[in-house]
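Each step along the sequence shown adds one to the number in the numbering used here, with nothing skipped, and position 98 is 103.
A short worksheet on the structure shown next.
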Amino acid sequence: MAMMVAPAPDGRHAIPAVPRHRHDVRGAVPFDQFRLLTRIHYQSARDDTWGEDEIDYMLFIKAPVKLHLNDNEVQATQYVSASTLKEMVQDPSFSFTPWFKLICGSILFDWWEKLDSSMTENGREEDIRRM
Numbered sequence: 006m007a008m009m010v011a012p013a014p015d016g017r018h019a020i021p022a023v024p025r026h027r028h029d030v031r032g033a034v035p036f037d038q039f040r041l042l043t044r045i046h047y048q049s050a051r052d053d054t055w056g057e058d059e060i061d062y063m064l065f066i067k068a069p070v071k072l073h074l075n076d077n078e079v080q081a082t083q084y085v086s087a088s089t090l091k092e093m094v095q096d097p098s099f100s101f102t103p104w105f106k107l108i109c110g111s112i113l114f115d116w117w118e119k120l121d122s123s124m125t126e127n128g129r130e131e132d133i134r135r136m
């Protein structure tokens with residue numbers, strides 16, 4: 006499962022514009038198969054490291070992907086099962102952003118469980134989730 010987030014009014018049109026500074030999957034995935042599941046309004050507490058207030062578009066795709074990562078932005082990647090990811094998020098030896106921890110603790114695993122049905126056009130949420 007690949008998860009991408011892109012700020013734009015229409016998720017599909019945003020996909021080619023995803024910033025390359027973190028990850029670049031352009032040319033590696035069929036963009037017309039991405040599905041916009043929902044939009045999330047995310048605001049984090051500000052500290053010395055993090056501070057965000059944004060609307061993110063949650064785009065999902067099931068496809069084999071070859072990632073081209075920016076080492077300055079992405080430390081590591083790994084394909085994992087849902088149960089393994091749940092363990093990793095609880096393990097203090099792994100580091101995740103506050104945003105990703107919030108998604109994991111609230112809606113990611115529900116989406117994961119329903120991934121195939123969520124990938125249809127009817128699986129899209131109309132309301133913006135507030136986090």
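No residue lacks a Cβ here, since even glycine has one placed at the ideal position from N, Cα and C.
Assign residue i to one of three DSSP states: helix, strand, or coil.
| i | result |
| --- | --- |
| residue 83 | coil |
| residue 72 | coil |
| residue 114 | helix |
| residue 43 | strand |
| residue 61 | strand |
| residue 121 | helix |
| residue 92 | helix |
| residue 53 | coil |
| residue 132 | coil |
Mind checking whether residue i and residue j have CB atoms under 7 Å apart?
| i | j | result |
| --- | --- | --- |
| residue 66 | residue 38 | yes |
| residue 41 | residue 74 | no |
| residue 61 | residue 84 | no |
| residue 87 | residue 105 | no |
| residue 103 | residue 49 | yes |
What are the start and end residues of the alpha helix (DSSP H) that includes residue i?
| i | result |
| --- | --- |
| residue 67 | Per DSSP, residue 67 belongs to no alpha helix (DSSP H) and is neither H nor E. |
| residue 106 | 103 to 108 |
Look up residue i in the DSSP assignment and give the residues it is bridged to.
| i | result |
| --- | --- |
| residue 48 | 58 |
Taking residue i and residue j to be in contact with their CB atoms under 8 Å, please state how far apart those CB atoms are, rounded to whole angstroms.
| i | j | result |
| --- | --- | --- |
| residue 72 | residue 82 | 6 Å |
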